[in-house]
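Notes for the one structure printed next.
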Amino acid sequence: MKKTMQLLAAGIALAASVGANAAVLDFEGGGLGGGFSWNNFYTLNSTGSVYDQSGYENGTVSGSYVAYNANGTSASLASFSSFVFNGAYFTGAWNNGLSITVNGFLGGVQTLSETFLVSTNAPLWRSFGWTVDSLTFSTAGGTPAPGLNGAGTHFAMDNFTYNEVLSPVPEPETYAMLAVGLGLLGAFARRRKQNAA
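Taken in order, the sequence shown gives residues -22 to -1, 1 to 175; the numbers are from mature numbering (1 follows the signal peptide of the UniProt record, and there is no 0).
In structure tokens form, the structure reads like this:
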């Protein structure tokens, strides 16, 4: 009986872990994706002489594309359902010490906010773990990095990582597992009763 209960517990734990994998948007192929509504975000191929040593090139973590805020102004994204924003890599495209403020919203109400500084030299991973349905990104300040072919408060973002928030509605498999577990418990109870008699 102890082994059966352990197997049953292991099966339940395995079923509970399904769907826990994070999705990563690496912006390859020039698209933003993820089912989000993107506002003032675009993608660019960071390879090429125009972007040499810029935060676009240095901030590319995977592949050759990054997302960025057009004209260095605020950008946002939204979803029809809530999601967990795990984090992303950020760099200043042209400015060192660029300040990025990320605001998280749920149901139209700002629930979270964080400000951090980035440079043009290397990507900075920022972990969030926020449950939201929309995000805004705004930038300010910094000083122009010497020797670059551009200027402004643009930032580059790569490997945007998120999880969908799963609905709490039980799936049919859950009911089937519950029925099998209860059936096994009933069978063991009957066997125990017969052995006692």
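Using N, Cα and C, we set each Cβ at its ideal position, and we do this for glycine too.
Which listed residue (the options) has its alpha carbon closest to that of residue i
i	options	result
residue 23	16, 7 and 17	7
residue 84	76, 75, 97 and 59	59
residue 89	27, 109 and 78	109
residue 64	107, 169, 137 and 155	107
residue 48	170, 162, 134 and 143	134
residue 29	168, 124, 132 and 128	128
residue 238	116, 112 and 5	Only positions -22 to 175 of the chain appear in the structure, and residue 238 is not among them; the question remains open.
C-beta contact flag for residue i and residue j at 7 Å
i	j	result
residue 1	residue 34	no
residue 67	residue 96	no
residue 15	residue 45	no
residue 99	residue 54	no
residue 126	residue 32	yes
residue 101	residue 37	yes
Cutoff 6 Å; reference residue i; Cβ partners in own chain excluding five residues on either side
i	result
residue 12	3
residue 25	42
residue 81	88, 91 and 114
residue 130	50 and 72
Contacts around residue i, its chain only, beta-carbon distance under 7 Å, and the 5 residues preceding and following it disregarded
i	result
residue 119	75, 76 and 77
residue 27	none
residue 103	65 and 67
DSSP bridge partner residues for residue i (one or two, in chain order)
i	result
residue 157	Looking at the DSSP assignment, residue 157 forms no beta bridge with any residue, so it has no partner.
residue 100	Residue 100 pairs with nothing; no bridge assigned.
residue 18	Paired residues: none, contrary to the question.
Cutoff 7 Å: residue i Cβ touching any chain D Cβ
i	result
residue 3	Absent from the structure: chain D. Only one protein chain is present.
As an exercise, report each continuous alpha helix (DSSP H) stretch of at least 4 residues that is fully enclosed by the stretch 26 to 90, in chain order.
Counting only runs of 4 or more residues that sit fully inside the stretch 26 to 90, the alpha helix (DSSP H) segments are 33 to 36, in chain order.
Runs of beta strand (DSSP E) wholly within the stretch 102 to 150 (minimum 3 residues, chain order):
Qualifying beta strand (DSSP E) stretches, in chain order: 102 to 118 and 133 to 142.
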